[in-house]
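Only one structure is covered here, and it is reproduced in the block below.
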Amino acid sequence: EAGVTQFPSHSVIEKGQTVTLRCDPISGHDNLYWYRRVMGKEIKFLLHFVKESKQDESGMPNNRFLAERTGGTYSTLKVQPAELEDSGVYFCASSQGLSGYEKLFFGSGTQLSVL
Amino acid sequence: QKEVEQDPGPLSVPEGAIVSLNCTYSNSAFQYFMWYRQYSRKGPELLMYTYSSGNKEDGRFTAQVDKSSKYISLFIRDSQPSDSATYLCAMPQGLNYGGSQGNLIFGKGTKLSVKP
């Protein structure tokens, strides 16, 4: 069974440009999460989709970040315009959403460098 | 005070050693406690979770929670070079405000190296 896949694995852009990250969750997982790790800091929650709906977007840093999950399958995270402080590793995770604790399956991440 | 504190290490031990990894937390409302393992250039992978206080064992790994001290531990017995990774503690902070169970708060992670 394929795991969570993220594309691209690395992206280098200049300040002010736009970047779009993509995440394909495990098939059948209704829950999709975005997390980010800025260098030297903890991994931090950004937002949570249940199918195509945003369930919790309390971690989104500002309105330069736009996440979508059209059709409830893959998701994209767009940063426009990118700033230097947006550099970091962006992780996507998915889960089945059964009762009890959530077992999240993470992708390998997209390393974003904003120069 | 940060909600979750974890010593980032690095921690280097010889093969076969017992490893103790720890986190402290400040929010007494946390009920689930997780340990994730992250290999280089990979995403975190759930290793173990415990609910409330007590111990949980899985092979060479034991997770321990002391809610009275707000202290959680992960012990690795007979450590192997393949255990070399970053270990992150995590708790579902989303449950505290009616948010998502998958909204986890992570420690910084402890980088472990097991030398053959």
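Top line first, the protein sequences correspond to chains A and B.
With the first letter of the first sequence counted as 1, position 60 gets the number 60 in the working numbering; the numbers rise by one all the way through.
With the first letter of the second sequence counted as 1, position 29 gets the number 144 in the working numbering; the numbers rise by one all the way through.
All residues carry an ideal CB built from backbone N, CA and C; glycine is no exception.
Fair warning: this is a prediction, and the values are worked out from it, not measured in the lab.
- With a beta-carbon spacing of about 12 angstroms, Pro-25(A) and Val-50(A) fall beyond the 8 angstroms limit used to define contacts.
- When rounded, the separation of the alpha-carbon atoms in Glu-120(B) and Lys-223(B) is 7 angstroms.
- In this structure the region 15 to 35 of chain A touches the region 82 to 95 of chain A; the number of beta carbon pairs closer than 8 angstroms is three or more.
- Closest by C-alpha distance to Val-180(B), out of Gln-146(B), Ile-133(B), Pro-123(B), is Gln-146(B).
- Counting the other Cβ atoms within 10 Å of the Cβ of Asp-56(A) gives 16 or more, which makes it buried.
- For Ala-93(A), the uninterrupted beta strand (DSSP E) segment begins and ends at 88 to 95.
- When secondary structure is reduced to three states using DSSP, Asp-122(B) falls in the coil class, being assigned neither helix nor strand.
- Of all alpha-carbon atoms in Lys-41(A), Gly-72(A), Arg-36(A), the one lying nearest the alpha-carbon of Glu-52(A) is that of Gly-72(A).
- Under DSSP, Asp-56(A) forms a beta bridge with His-48(A).
- With respect to chain A, the C-beta atom of Gly-217(B) has a partner C-beta closer than 7 angstroms.
- For Thr-165(B) and Tyr-74(A), the gap between their C-alpha atoms comes out near 31 angstroms.
- Cβ contact annotation for Gly-131(B) (same chain, cutoff 7 angstroms, sequence separation greater than five): Asp-193, Ser-194, in chain order.
- One alpha carbon belongs to Ser-27(A), the other to Ala-2(A), and they sit about 8 angstroms apart.
- In the structure shown, Pro-25(A) adopts coil according to DSSP, grouped into three states.
- By the Cβ rule, the region 102 to 112 of chain A counts as touching the region 8 to 25 of chain A, because three or more pairs are nearer than 8 angstroms.
- It is roughly 15 angstroms from the alpha-carbon of Arg-64(A) to the alpha-carbon of Arg-36(A).
- In this structure, Thr-139(B) places its C-beta atom within 7 angstroms of the C-beta atom of Tyr-186(B).
- Take Asp-86(A), set aside five residues on each side of it, and the residues of its chain with a beta-carbon closer than 6 angstroms to its own are Val-79, Val-114, in chain order.
- By the neighbour-count criterion, in which 16 or more other beta carbons inside 10 Å mark a residue as buried, Ile-133(B) falls on the exposed side.
- The beta carbons of Gly-217(B) and His-10(A) sit no closer together than 7 angstroms.
- Listed along chain A, no residue sits closer than 9 angstroms to Glu-130(B) by beta-carbon distance, the nearest being about 27 angstroms off.
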